[in-house]
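Here the structure is laid out as structure tokens; the discussion comes afterwards.
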DNA sequence: AACCAAATTGTAACCGGTTACTCGCCACTC
DNA sequence: GAGTGGCGAGTAACCGGTTACAATTTGGTT
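Residue numbers (the working numbering), protein chains in the order written: chain V, 4 to 361; chain A, 4 to 361.
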């Protein structure tokens, strides 16, 4: 009559139901209960319905930790993003979330990493919590990745160039987008100045290269900026003060273009009549300001969704499907709005109101 | 010499290290290894360092599923958000993420729920994956919550009113914000019109109530909008067409204010000289457009951070700490910018450039 | 030197699922 | 009627941690 083998004899009250409870209630073994619940293996319709009934009766919800431990899958994908400005962030998450949810996957999010060490820590801390990773970060490089990713983990990169071992990746084609914008601005032999982004930034270098090549290799006036609205404002002031002004300005991103536009406005000049202007990114502000801003941009949400799909392909059975593939280039779409609508005849009334026909 | 008790005798190659491997390498028991790694219980410095050395040597990373299974904690908080527009979304996530990360917590995110059923599904699917929930959703109500939340799970609500059992909650004080804006616009006896948000929306009702009370209970001209820029534009056109125009307009949010501003501009009127204007939310666009927009808003990131802190208090030992407490009201701050700067004398040059001194 | 309390360490039983393998049982051939 | 193939169900061994409890060591007293 040794009555104390179990440490805690009376737990039943207010404890969440386990699969053993369900099995007992349905009068089957745990194995059958598990099979019935997951619809795998062979189970009679009779036992299946008995188990399901017991499960709903007991409000049974499988413990996901136990399940992951046994199956080695988490049904979760990790998302690593840099400290992004509003719209880009919400759009890419919207795309990722939509695509993930439709496949029953959860999202483990980590954003705003100041440096490579923080990004590495984030990657490491996600190990074992996710089945795959979507990484968009200027701070990762092949070292960070291989050091912190245990070999098997599938990963998809967005706008992050890593040398060394190739991973599936998506890259916005900054070069193509910039040439498209500059060709548009330069139509009819107009001179085009450039407000450049930070030289250390790959995207700003690519956009500048596009600018240069669109002008046949001969750069016009180039002012240094840092992607902030303030730096665009300063550049705009500088240009307004020139005696010999360019016909048009290509800013390396929309924020600087907006700053520049404001500077010109403060100097009493209006775009496009006095000087035309275009940016890059197509942030939502671009169509809301007056004059609305010509720019080039991509469908960010779609990009996020595609990244998830790509990741899932690689989570599946055979690892390393698209192994030594080139990064997939996403070409931005040129969006012409008021700020470069030189010719009134071509300005539709919808454009005048800053609305797009889409 | 029975050599086949283990099902898979040769797994060592490319298998991730477990705590037993570490224990073996450090020549201690798994219990000591666990204690050394977690810094709990008492362990000699000597064994601790041996274990740590072995762990780094083997690149050991604890399996989080196993850990959660044993400890019943996931070190993760779930975040449920509605389909939010850019800036609000990224700011609140920034605040939540920063606060969570500094405490070593992960974020499981789920956004864009179309209806109550989807929100309920999201809550249910997070069960067992998170230690607590931050919910901001117009779709939850007490039924959804009590049905899908097993009693113990801590939760913090943001801008969601649920009747019934009280939960810790934060609420933006739309009424107070609106009265502040309207009092400012009405200074000197000026007449103020209102562009209202969708009547079904609680926030727009509260803002309208603030508008009415700030005018002593007597509403002026009220136009119906739906929070979109388009509806603001239409309202602006309607006002521009009036023969007897109000001195100022209070739009129930910034997007409608911007639309209205554009409509007035298209009609050849400039704010604030012809008509003053203010919005609500203080989205970043508000200080970037010309004229920059007077508005009222809260520090969204801070709100997110505080929600996390509040949640953590309730995750701790004693459940239901702040049980029957009132929701915490967050009072928006009035931000006066160009669009209501009637008097040139009070307009600083910094404001003219649309920059704030903060 | 013996003794005892405190500090370390080890053993093994959990946490709650999944699943390889075994066992009955039944229908169907030969 | 014995042999056999296959299906449904059950047993128990995992997955990889944590931790209660027991066993051992340590160190300070008398």
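C-beta: ideal position from N, C-alpha, C; glycine also.
Owing to the predicted nature of the structure, the values given are computational and were not obtained by experimental measurement.
Problem set entry | Neighbouring residues, chain V, relative to residue 66/A (Cβ below 8 Å) | 72 and 131
Exercise. Between the beta-carbon of residue 111/V and the beta-carbon of residue 109/A, is there less than 7 Å?
Worked result: Yes, these two residues count as a Cβ contact at 7 Å.
For this session: For residue 122/A, I'd like the list of residues in its chain whose CB is within less than 7 Å of its CB, leaving aside the five on either flank, ordered along the chain.
Result: 83, 116, 140, 142, 143 and 147
Exercise. Residue ranges of each alpha helix (DSSP H) run of no fewer than 4 residues wholly in the stretch 157–182 of chain V, ordered along the chain?
Worked result: none
Exercise. At a cut of 8 Å, does the stretch 184–199 of chain A reach the stretch 163–172 of chain A through at least three beta carbon pairs?
Worked result: no
Exercise. How big is the Cα-Cα spacing for residue 315/V and residue 307/V?
Worked result: 13 Å
For this session: Can you grab the Cα-Cα spacing for the pair residue 325/V / residue 176/V, in whole Å?
Result: Annotation note: pLDDT 48 at residue 325/V (below 50); position unreliable, no value reported.
Exercise. Can you tell me whether residue 197/A is buried or exposed, with buried defined as 16 or more other CB within 10 angstroms of its CB?
Worked result: buried
Exercise. Expressed to the nearest angstrom, what Euclidean distance is found between the alpha-carbon atoms of residue 46/V and residue 30/V?
Worked result: 14 Å
For this session: With DSSP as the reference, label residue 81/A as helix, strand or coil.
Result: strand
For this session: Starting from residue 261/A, find everything on chain V with Cβ-Cβ shorter than 9 Å and list it in chain order.
Result: 291 and 292
Exercise. Looking only at DSSP bridge pairs, what is residue 331/V linked to?
Worked result: 173/V
For this session: Would you check if the distance between the CB atom of residue 299/A and the CB atom of residue 184/A is smaller than 7 Å?
Result: Their beta carbons are under 7 Å apart, which means residue 299/A touches residue 184/A by this criterion.
Problem set entry | the stretch 223–250 of chain A: positions lying closer than 9 Å to chain V by Cβ | Flagged, chain order: 232, 233 and 236.
Problem set entry | Beta-bridge pairing of residue 298/A - partner residues as DSSP gives them | DSSP output for residue 298/A lists 338/A as bridge partner(s).
Exercise. Given a threshold of 16 other Cβ atoms within 10 Å of its Cβ, counted over all protein chains shown, does residue 211/A qualify as buried or as exposed?
Worked result: buried
For this session: Give the single residue among 337/V, 285/V, 295/V and 64/V whose Cα lies nearest to the Cα of residue 128/A.
Result: It is 64/V whose Cα lies nearest to the Cα of residue 128/A.
Problem set entry | Per-residue burial, residue 67/V [other beta carbons within 10 Å of its own, 16 or more giving buried] | buried
For this session: Jot down the residue ranges of each uninterrupted beta strand (DSSP E) in the stretch 25–113 of chain A, minimum 3 residues, whole runs only, in chain order.
Result: 79–83 and 109–113
For this session: Mind reading off the beta-carbon distance from residue 228/A to residue 220/A? Whole number of angstroms is fine, and I expect it under 8 Å.
Result: Residue 228/A to residue 220/A, Cβ: 22 Å. No contact.
Problem set entry | Proximal chain A residues relative to residue 113/V, where beta-carbon distance stays under 9 Å | 100, 104, 109 and 110
Exercise. Is the stretch 235–244 of chain A touching the stretch 270–280 of chain A in the sense that three or more CB pairs, one from each, lie closer than 8 Å?
Worked result: Touching, yes, given that three or more Cβ pairs across the two stretches are closer than 8 Å.
Problem set entry | Contacts around residue 20/V, its chain only, beta-carbon distance under 6 Å, and the 5 residues preceding and following it disregarded | 61 and 63
Problem set entry | First and last residue of the uninterrupted alpha helix (DSSP H) at residue 239/V | Judged by DSSP secondary structure, residue 239/V falls within the alpha helix (DSSP H) whose first and last residues are 232–243.
Problem set entry | Chain-ordered chain V contacts of residue 268/A [CB-CB under 8 Å] | 293
For this session: Pull up the distance between the alpha-carbon of residue 103/V and that of residue 118/A, whole angstroms please.
Result: 18 Å
Exercise. Name the chain A residues whose beta carbon is nearer than 8 Å to that of residue 61/V?
Worked result: Per Cβ cutoff of 8 Å: no residues; residue 61/V is ~12 Å from chain A at best.
Exercise. Name the DSSP bridge partner or partners of residue 253/A?
Worked result: 197/A and 281/A
Exercise. Can you find a C-beta in chain A that's less than 7 Å from the C-beta of residue 52/V?
Worked result: Cβ-Cβ to chain A under 7 Å: no for residue 52/V.
For this session: Establish whether the CB of residue 288/V and some CB of chain A are separated by less than 7 Å.
Result: Chain A, which has a Cβ nearer than 7 Å to the Cβ of residue 288/V, makes this yes.
For this session: With a 10 Å radius around its C-beta and 16 neighbouring C-beta atoms as the bar for buried, classify residue 341/A as buried or exposed.
Result: buried
Problem set entry | residue 193/V: contacting residues in chain A (beta-carbon distance under 7 Å) | Under the 7 Å cutoff, chain A gives no residues; its nearest Cβ is about 25 Å from residue 193/V.
For this session: Going by CA-CA distance only, name the one from 182/V, 90/V and 86/V that's closest to residue 86/A.
Result: Here the closest residue by C-alpha is 90/V.
For this session: Whole angstroms is fine: what's the gap from residue 100/A's alpha carbon to residue 93/A's?
Result: 10 Å
For this session: Name the two residues that bound the continuous alpha helix (DSSP H) containing residue 311/V.
Result: 303–318
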